[in-house]
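Visitor:
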RNA sequence: GGAAGCGUGGCAGAGCGGUUGAAUGCACCGGUCUUGAAAACCGGCAACGUCGCAAGGCGUUCGUGAGUUCGAAUCUCACCGCUUCCGCCA
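In our numbering, the protein residues as written are 2 to 437.
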């Protein structure tokens, strides 16, 4: 949520920043709404003040044993007018709020304007692209040959955009998550957390998924209350740890790392990335979240992005770092770096991490504050994937593939796989063998 | 699932329906004392909103929502959450 004071005092500036996202802010409508609010609120508060003073007088008169009948009848005359004003004000504020809540964050001044991913700016490139003296296979083919990826069975169990892993591939997937968690906790100073995978609407409002993006979520209705939602990212439960909290300065920064499955309906992406594990309704992700004070938040974004990059570097996967243009950023973000890993079979870089700074946009919705001397001030929130586990698996299968169908295990992962150096190709077996 | 109890400021914890936004303690901020610190003492200190150039004024808020009343932290109802005991259980 944007700072309402900023909106009132610098509408032109807000409109101009939002325009870099390609958004047209209707200044006239806002100003009409604002002046109506001001009138109504002032009038209502005047009536309330009048009622309060008169009621106080009654108390004084009665305690002196004097007659208060005259004042009492005067007060009761206010009642109807006041109620009418209060109701009108409440209705207006509901409308006002509904409008505010749908405004995206202002892009930071360092963010290039632009409409789509074609306007994103490459900031850095790391690693050497692998070369192959045999026809390159994609992860679907490699995984099936290893007997470790089985999309057909996942479709049977649930439907499209789900996957099933077995044997060494399932273990590699688990190893990746462990490796990421260990690196971030042991080398980057994050605290590991385990969180609920179902959250309430308030939490999704806090991080900005609701009310605008409900169709992207899986909703779980409940007979006896508001629905729960499956988390689309660990960002939601982890950031909401500080909702309605006032933190002591010396408790900051908070740095959390959290491995969870993520659930996304992928509404609106029909036909995109339908093959393989790239775009799934369910995928694992290791998420980094930092809760910081405003003065060091921008360094924190750089640091957090570096932590995510370190995983790619240790895995020796080639990647590039992109600065997203205003139009390609998420709703709540002020600035976002995407890390894109090289996928040989697609002959392209694909997003594997997204690291964003939200300034106080989420904190304002969350009422997440810290005590700065005598004053309570809004925190800043930052998060990023460190990394998307499924896509990392895809990148390893493709970048580390060998001519014989085997896949070399990156050195840093071998301790997690009992020293295994290669995932060996297996003759294809029925999915129903030895399952129970 | 059954029973009882409880939700008040950063924390702990008082609070007859009426000049109570709320005692007290801790924490915090300023000061006195001290070479410095601690202790002691003195003073200050809720949030949010709104009007105002400012000083300051006004409004709302004691889990949430409705109700009673001229007036609610205080009374009534519903909901949410927490605690304890019993039962059940991965």
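Every residue, glycine too, gets a C-beta built ideally from N, C-alpha and C.
Identify which residue in 357, 399 and 240 has its Cα closest to the Cα of residue 278.
Guide: That would be 399, whose Cα lies nearest to the Cα of residue 278.
Visitor: Excluding the five sequence neighbours on either side, which residues of its own chain have a C-beta within less than 6 Å of the C-beta of residue 1, listed in chain order?
Guide: The question about residue 1 has no answer here: the residues shown for the chain are numbered 2 through 437.
Visitor: Is residue 425 helix, strand or coil by DSSP?
Guide: Three-state DSSP puts residue 425 in coil, outside helix and strand.
Visitor: Can you tell me which of 70, 26 and 88 puts its alpha carbon nearest to the alpha carbon of residue 38?
Guide: Closest option to residue 38, Cα to Cα, is 88.
Visitor: Helix, strand or coil for residue 435 per DSSP?
Guide: Model confidence at residue 435 stands at a pLDDT of 40, short of 50, so the residue's coordinates are unreliable; what they give is reported in the following sentence. Residue 435 falls in the coil class under three-state DSSP.
Visitor: Which runs of the alpha helix (DSSP H), 4 residues or longer, sit entirely within the stretch 286-363?
Guide: Entirely contained in the stretch 286-363, the alpha helix (DSSP H) runs reaching 4 residues are, in chain order, 298-315.
Visitor: DSSP three-state label for residue 127, please.
Guide: Reduced to three states, the DSSP call for residue 127 is strand.
Visitor: Figure out for me which residue from 262, 75 and 312 has the closest Cα to the Cα of residue 187.
Guide: With distances taken between Cα atoms, residue 187 lies closest to 312.
Visitor: Give a yes or no on whether the C-beta atoms belonging to residue 335 and residue 104 are separated by under 8 Å.
Guide: It is not a contact, given that the beta carbons lie outside the stated cut-off.
Visitor: Is there contact between the stretch 138-154 and the stretch 240-255, where contact requires at least three CB pairs shorter than 8 Å?
Guide: These segments do not touch.
Visitor: Below 8 Å, can you find three or more Cβ-Cβ pairs linking the stretch 167-186 to the stretch 405-423?
Guide: Yes, the stretch 167-186 is in contact with the stretch 405-423.
Visitor: So residue 373 is in the beta strand (DSSP E); what residue range does that whole segment cover?
Guide: Where residue 373 is concerned, the enclosing beta strand (DSSP E) stretches over 370-373.
Visitor: What three-state label does DSSP hand residue 155 in the structure shown?
Guide: Three-state DSSP puts residue 155 in a helix.
Visitor: Compute the Euclidean distance between the alpha carbons of residue 115 and residue 20, then round it to the nearest angstrom.
Guide: Computed Cα separation, rounded: 10 Å.
Visitor: Can you give me the Cβ contacts of residue 178 inside the same chain, cut-off strictly under 8 Å, excluding the 5 residues immediately before and after it?
Guide: These residues qualify, in order along the chain: 260, 285, 287 and 390.
Visitor: Exposed or buried, which one is residue 57 when buried takes at least 16 other CB atoms within 10 Å?
Guide: Exposed, by the Cβ-count rule.
Visitor: Contact defined as beta carbons within less than 8 Å: I believe residue 305 pairs with residue 289. What is the distance between those atoms, to the nearest angstrom?
Guide: Contact flag correct, Cβ pair sits at about 5 Å.
Visitor: Would residue 224 be called buried (16 or more neighbouring beta carbons within 10 Å of its own) or exposed?
Guide: Under this definition residue 224 is an exposed residue.
Visitor: Return the residue from the list 54, 417 and 210 that minimises the CA-CA distance to residue 72.
Guide: Among 54, 417 and 210, the Cα nearest to that of residue 72 is on 54.
Visitor: Could you tell me whether the stretch 64-84 touches the stretch 18-35, where touching means 3 or more Cβ pairs closer than 8 Å?
Guide: Contact between the stretch 64-84 and the stretch 18-35 is absent, because fewer than three Cβ pairs lie under 8 Å.
Visitor: Does the stretch 342-349 come close enough to the stretch 132-139 that 3 or more CB-CB pairs lie under 8 Å?
Guide: Counting Cβ pairs under 8 Å, three or more are found: they touch.
Visitor: Would you report the Cα separation of residue 153 and residue 238, rounded to the nearest angstrom?
Guide: Each residue's alpha carbon lies about 32 Å from the other.
Visitor: Do you know offhand how far residue 45's Cα is from residue 376's?
Guide: Each residue's alpha carbon lies about 29 Å from the other.
Visitor: Start and end of the alpha helix (DSSP H) containing residue 183?
Guide: Note, residue 183: alpha helix (DSSP H), 168-187.
Visitor: Of the choices 421, 386 and 102, whose alpha-carbon is the least far from that of residue 263?
Guide: Checking every option, the nearest Cα to that of residue 263 belongs to 386.
Visitor: Going straight from the alpha carbon of residue 434 to that of residue 361, what length do you get?
Guide: With a pLDDT of only 45 at residue 434, under 50, the local geometry of the prediction cannot be trusted, and the value read off the model is given with reservation. Spanning the two alpha carbons is a distance of roughly 54 Å.
Visitor: Could you compute how far the alpha carbon of residue 124 sits from the alpha carbon of residue 326?
Guide: The straight-line gap from Cα to Cα measures roughly 12 Å.
Visitor: What is the DSSP secondary structure of residue 282, reduced to helix, strand or coil?
Guide: Coil at residue 282, not helix or strand.
Visitor: Check whether the Cβ atoms of residue 357 and residue 337 sit closer than 8 Å, and answer yes or no.
Guide: Yes; because the gap between Cβ atoms is below 8 Å, this pair is in contact.
Visitor: Taking its Cβ as the centre, do 16 or more other Cβ atoms sit within 10 Å of residue 130, making it buried, or is it exposed?
Guide: So residue 130 counts as exposed.
Visitor: Using 8 Å as the threshold, is the C-beta distance between residue 117 and residue 328 below it?
Guide: Yes, the Cβ-Cβ distance between residue 117 and residue 328 is below 8 Å.
Visitor: Just how far apart, CA to CA, sit residue 432 and residue 274?
Guide: Reliability of the predicted coordinates at residue 432 is poor, the pLDDT of 48 falling under 50, and the value obtained from them is presented with this limitation in mind. Rounded to the nearest angstrom, the two C-alpha atoms are 24 Å apart.
Visitor: Which residues does DSSP pair with residue 232 in a beta bridge?
Guide: For residue 232, which the question treats as bridged, DSSP gives no partner whatsoever.
Visitor: Given this structure, state the Cα-to-Cα distance separating residue 341 from residue 234, to the nearest angstrom.
Guide: If you take the alpha carbons of residue 341 and residue 234, they lie about 18 Å apart.
Visitor: Following the continuous alpha helix (DSSP H) through residue 378, name the residue where it begins and the one where it ends.
Guide: Looking at the DSSP string, residue 378 is not in any alpha helix (DSSP H); the run it does join, the beta strand (DSSP E), is 376-379.
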